[in-house]
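In this text, residue positions in the sequence shown follow this note's numbering: the first is 413, and each later residue adds one. Working notes, beginning with the structure itself.
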Amino acid sequence: MTAKPLPGQPHFAYRGEELYVEDLRLDDLARQHGTPLFVYSKAAMLAALAAYQRGFAGRRAQICYAMKANSSLAVLQVFARAGCGFDIVSGGELERVLAAGGDVAKVIFSGVGKTRAEMRRALDAGIGCFNVESEAELEVLNEVALAAGRRAPVSIRVNPNVDAKTHPYISTGLKGNKFGIAHERTLATYQRAAALPGLQVVGIDCHIGSQITQEAPYLDAMDRVLDLVQAIEAAGIPLHHIDFGGGLGIDYNGDTPPPADALWAKLLAKLDARGYGQRQLMIEPGRSLVGNAGVCLTEVLYLKPGEQKNFCIVDAAMNDLPRPAMYEAYHQIVPLAPRAGKAGLWDVVGPVCESGDWLGRDRALHVQPGDRLAVLSAGAYCMSMASNYNTRGRAAEILVDGDQAHLIRRRETPADTFQLEKLL
Ligand SMILES: *Cc1c(COP(=O)(O)O)cnc(C)c1O
Numbered sequence: 413m414t415a416k417p418l419p420g421q422p423h424f425a426y427r428g429e430e431l432y433v434e435d436l437r438l439d440d441l442a443r444q445h446g447t448p449l450f451v452y453s454k455a456a457m458l459a460a461l462a463a464y465q466r467g468f469a470g471r472r473a474q475i476c477y478a479m480k481a482n483s484s485l486a487v488l489q490v491f492a493r494a495g496c497g498f499d500i501v502s503g504g505e506l507e508r509v510l511a512a513g514g515d516v517a518k519v520i521f522s523g524v525g526k527t528r529a530e531m532r533r534a535l536d537a538g539i540g541c542f543n544v545e546s547e548a549e550l551e552v553l554n555e556v557a558l559a560a561g562r563r564a565p566v567s568i569r570v571n572p573n574v575d576a577k578t579h580p581y582i583s584t585g586l587k588g589n590k591f592g593i594a595h596e597r598t599l600a601t602y603q604r605a606a607a608l609p610g611l612q613v614v615g616i617d618c619h620i621g622s623q624i625t626q627e628a629p630y631l632d633a634m635d636r637v638l639d640l641v642q643a644i645e646a647a648g649i650p651l652h653h654i655d656f657g658g659g660l661g662i663d664y665n666g667d668t669p670p671p672a673d674a675l676w677a678k679l680l681a682k683l684d685a686r687g688y689g690q691r692q693l694m695i696e697p698g699r700s701l702v703g704n705a706g707v708c709l710t711e712v713l714y715l716k717p718g719e720q721k722n723f724c725i726v727d728a729a730m731n732d733l734p735r736p737a738m739y740e741a742y743h744q745i746v747p748l749a750p751r752a753g754k755a756g757l758w759d760v761v762g763p764v765c766e767s768g769d770w771l772g773r774d775r776a777l778h779v780q781p782g783d784r785l786a787v788l789s790a791g792a793y794c795m796s797m798a799s800n801y802n803t804r805g806r807a808a809e810i811l812v813d814g815d816q817a818h819l820i821r822r823r824e825t826p827a828d829t830f831q832l833e834k835l836l
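As structure tokens, then:
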């Protein structure tokens with residue numbers, strides 16, 4: 413039987429009239445484990461990683477998976493075994509890296525609001541680098557390091573002031589947002605860092621946004637960062653590594669981001685041209701490693717046709733898939749076993765008591781109650797953002813490897829959702 417791979421998600425394919433992940437039929441997984449259910453393809457994750465690895469062949473580069481995209485332990489384990497480090501944004505994420513067997517020396521700690529306790533724990537664990545995001549944080553980190561009798565390895569996150577041309581909520585490299593140190597303040601901040609006895613300057617970093625689908629913002633940011641590297645090193649402060657962050661987009665709905673290897677061929681050509689090609693490089697991809705490696709399976713509960721809108725009510729909701737409610741994000745929604753016949757236009761919505769609880773609007777679907785659907789491109793920023801709103805237990809997660817399905821997180825029971833609470 414010829415397989416028809418889904419655009420953007422080639423490890424998910426129709427064989428005949430049924431949707432498969434690698435060698436397993438998704439409907440079988442849904443029957444066995446219930447819905448909503450997240451299903452990830454290990455091969456898809458490793459293929460996404462391989463595109464970066466090809467791009468960096470022959471270079472000194474460390475890929476640090478930005479784990480907030482999907483921080484499930486088994487997912488971290490896949491990337492740790494493949495040699496990745498991790499970009500973390502909280503002390504909780506550090507504990508996950510340790511629990512998954514990751515190499516703490518390959519961990520970089522980003523984020524604008526690190527607490528003293530988080531800094532201390534990361535120092536004691538032997539973290540690779542702190543990506544410092546403000547001058548105030550630099551002073552606090554110095555104090556914490558001195559109190560611990562250590563020197564904290566630091567890189568300063570600079571804000572290159574380039575427009576990543578993405579959704580305002582996921583654009584981070586413009587002047588008006590809370591991330592990084594302003595371009596003009598960078599040299600002074602490095603001079604301060606170099607003078608503080610509890611700090612060891614090791615690098616520079618930037619991260620301009622997420623779901624970036626064009627090359628130009630990356631090329632512009634690289635030029636801006638290299639200008640700074642030049643100025644900082646001219647001031648006598650050597651930088652061991654340059655970290656270009658993450659942000660590469662994926663194909664949600666006909667988006668055409670450059671493949672990671674093609675993007676890096678261009679970026680490396682620029683680095684070479686400017687004489688930095690042999691520098692230790694770091695990158696922090698999140699979404700592009702996992703986003704199209706996962707889907708969320710859901711069952712149609714009710715059809716509610718109306719005068720203005722037809723609603724297709726499914727058992728997954730905004731607590732499982734927060735991106736549409738949060739960013740008006742688009743996820744394709746497809747049937748696991750398409751029916752013959754004419755499709756209607758449906759708003760696919762969940763059971764949560766919010767009008768914002770929608771997964772897709774005006775979708776052409778031919779469905780009946782009991783049919784199962786796959787919400788595509790659900791590997792990134794879905795389960796890691798999931799909540800228990802409406803006392804809905806979070807979904808189970810399956811990681812597929814060929815013809816093997818591993819349950820990597822069981823479904824939460826109602827008791828799980830209130831186990832930390834106490835009656836008066
Ligand atoms: C979120 C984040 C990333 C990853 O972004 P993606 O768009 O998922 O690749 C990388 N670095 C930092 C500092 C981040 O906050």
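We put the beta carbon where it would ideally sit given N, CA and C, even for glycine.
Proximity of residue i and residue j at Cβ, strictly below 7 Å
i: V614; j: V451; result: no
i: R691; j: I654; result: yes
i: D838; j: L757; result: One cannot answer for residue 838 here, as it falls past the ends of the chain, which runs 413 to 836.
i: Y742; j: N802; result: no
i: A752; j: H445; result: no
i: K680; j: P669; result: Residue identity check: residue 680 is Leu in the sequence provided, not Lys. Result no, Cβ atoms of L680 and P669 do not sit closer than 7 Å.
i: L701; j: L510; result: no
i: N486; j: I820; result: First, the residue type needs correcting, since residue 486 is Ala and not Asn in the sequence shown. Contact flag set, yes.
i: L608; j: N573; result: no
i: A557; j: G495; result: no
i: Q489; j: A456; result: no
i: N800; j: T825; result: no
i: P448; j: D759; result: no
i: M694; j: Q474; result: yes
i: L640; j: A605; result: no
i: A442; j: L709; result: yes
i: N731; j: R804; result: yes
Residue i CB to nearest heavy atom of ligand 1 below 6 Å
i: A481; result: yes
i: E547; result: no
i: P697; result: yes
i: G659; result: yes
i: A478; result: yes
i: A655; result: Sequence check: residue 655 is Asp here, not Ala. No; taking the cut-off as 6 Å, the Cβ of D655 has no heavy atom of ligand 1 nearer than that.
i: D774; result: no
i: S622; result: yes
i: D667; result: no
i: D499; result: yes
i: S789; result: no
i: H652; result: no
i: H743; result: no
i: H595; result: no
i: H445; result: no
i: S522; result: yes
Residues near residue i in its chain [Cβ-Cβ closer than 6 Å; skip 5 each side]
i: A415; result: A425 and R427
i: E696; result: C476, A478, D499, G657 and G658
i: F491; result: Y477
i: A705; result: Y452, S453, A456, M457 and G791
i: P763; result: A729
Contact set for residue i: own chain, Cβ-Cβ below 7 Å, skip 5 residues either direction
i: K590; result: V524
Residues near residue i by beta carbon distance below 8 Å, same chain, minus five either side
i: E505; result: M479, K480, S483 and F498
i: I539; result: L506, V516, A517, V519, I520, F521 and P565
According to DSSP, residues forming a beta bridge with residue i
i: K716; result: F723
i: C476; result: G497
i: S816; result: Reading off the sequence shown, one finds Gln at residue 816, where the question assumed Ser. D813, per the DSSP bridge assignment.
i: I593; result: V570
Any chain C beta carbon closer than 7 Å to residue i
i: E507; result: Note that chain C does not occur in the displayed structure, where there is just one protein chain.
Three CB pairs or more closer than 8 Å across the region 467-485 and the region 789-808
Contact between the region 467-485 and the region 789-808 is present, because at least three Cβ pairs lie under 8 Å.
When you compare the region 539-551 with the region 565-579, are there three or more beta-carbon pairs, one atom per stretch, that lie closer than 8 Å?
yes
Would you say the region 432-446 touches the region 744-759, given that touching needs at least three Cβ pairs under 8 Å?
yes
Contact between the region 718-726 and the region 673-681: three or more CB pairs below 8 Å?
no
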